Amino acid sequence: MKRSLQQGILFSGLLICAPTHSAELSGFAGLGVSASPIYSGSNHMAMGPLLKAGVNLHSENWGLFGLSTDGLIWGLTPDSPFSVSLLLTQDEARKEVFNYPFSSRKNRVLQGMGNLSAALMAGTDLRYQLENWALWLRLLTATEKQRYGGEAPGRSLIVTSGAETELWRWQNAALSVGGDISWANSGYQQRHYGVTAQQAQRTDFAVYSPSSGLQQGGLYAEVVWHFDKNLAAGLTSRAQYLFDEAGSSPLVNSRLQYTLSSLIQYTF
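Numbered according to the numbering used here, the sequence shown spans residues 98 to 365.
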């Protein structure tokens with residue numbers, strides 16, 4: 098884990114443990130399983146464990162501060178439907194040789210590309226939320242440049258907007274659907290879908306330098322059952338399509354991607 102992210106988590110822990118007036122502390126922990134492509138654009142699926150956990154500190158003076166497996170978030174919580182949050186999260190790493198969970202099998206499709214290390218991303222989230230639906234816009238940028246494939250592309254930048262609504266509710270069950278679309282700059286595209294001259298020499302992939310543009314669009318549905326006020330189970334399915342430069346990458350075997358996950362979560 099990068100030192101800057103370690104320091105952020107340590108600082109967050111100190112804030113959460115510090116005495117705070119007029120503040121409420123809550124948290125959650127979840128365990129499940131998911132099936133998803135082994136990397137963005139792959140036509141190979143893998144099933145693996147899904148872990149979710151986090152703590153939130155809600156203060157009248159400082160708003161909402163959260164630390165979770167998704168990263169750090171600090172947001173103002175006004176009485177109006179509009180909210181603004183600052184985010185610190187991670188663009189996931191990618192191994193050139195993928196080890197399948199629960200199996201000794203390996204996938205070597207990307208062997209020779211080199212391991213892609215995780216990148217620390219910072220940004221903001223704008224949200225308009227009413228009782229049964231929400232609109233949001235999120236901007237994330239890498240905190241530093243990274244060398245990959247013998248080159249150092251510009252800092253990654255990705256902008257995502259989306260909408261979500263609750264379609265149906267019956268007793269303890271609810272069905273929600275949503276969609277999102279992302280635009281990424283050339284630095285982000287090169288990081289995930291590009292092939293440098295050095296990488297082309299080590300693999301059968303041709304040199305590819307994608308430019309900025311629409312990256313992906315997705316639709317998803319989620320069913321949640323509440324067993325009581327603290328315990329819930331959910332099933333989520335998602336389909337997304339890689340656009341333009343991303344979908345034309347020699348690394349991409351399938352523009353259309355599917356993900357299915359289930360999770361049991363306890364809130365306290």
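Note that beta-carbon positions come from the ideal geometry of N, C-alpha and C, so glycine has one too. Model, not experiment: these values are computed from the prediction.
- Judged by DSSP in its simplified three-state form, Q354 adopts strand.
- Taken in chain order, the complete beta strand (DSSP E) segments of 3 or more residues contained in the region 190-238 are 216-226.
- DSSP places Q313 inside the beta strand (DSSP E), whose first and last residues are 310-323.
- Pairing S306 with W322, the inter-Cα distance amounts to about 45 Å.
- In the DSSP assignment, T364 forms a beta bridge with F125.
- For V320 and A329, the gap between their C-alpha atoms comes out near 10 Å.
- Closest by C-alpha distance to R191, out of G246, L237, W171, is G246.
- Closest option to D301, judged by alpha-carbon separation, among Y363, F365, A216, S346: S346.
- Close CB contacts of S165 within its chain, under the 7 Å cut and outside five residues either way in sequence, are with A150, G151 (chain order).
- In this structure, Q286 and Q312 form a Cβ contact; the two beta carbons are roughly 7 Å apart against a cut-off of 8 Å.
- In its chain, beyond the 5 residues on either side, G124 have a beta carbon closer than 6 Å to the beta carbon of F365.
- Under the DSSP assignment, Q187 falls in the beta strand (DSSP E) whose first and last residues are 179-188.
- DSSP, reduced to helix, strand and coil, places E342 within a helical segment of the structure shown.
- Going by beta carbons, Y225 and L232 fall inside the 8 Å limit.
- A check of alpha carbon separations from L357 across Y136, M144, G220 identifies M144 as the nearest.
- Q337 counts as buried, since no fewer than 16 other beta carbons sit within 10 angstroms of its beta carbon.
- Annotation for H155: the continuous beta strand (DSSP E) segment containing it runs 142-156.
- Closest option to A303, judged by alpha-carbon separation, among G163, M210, G220, P146: M210.
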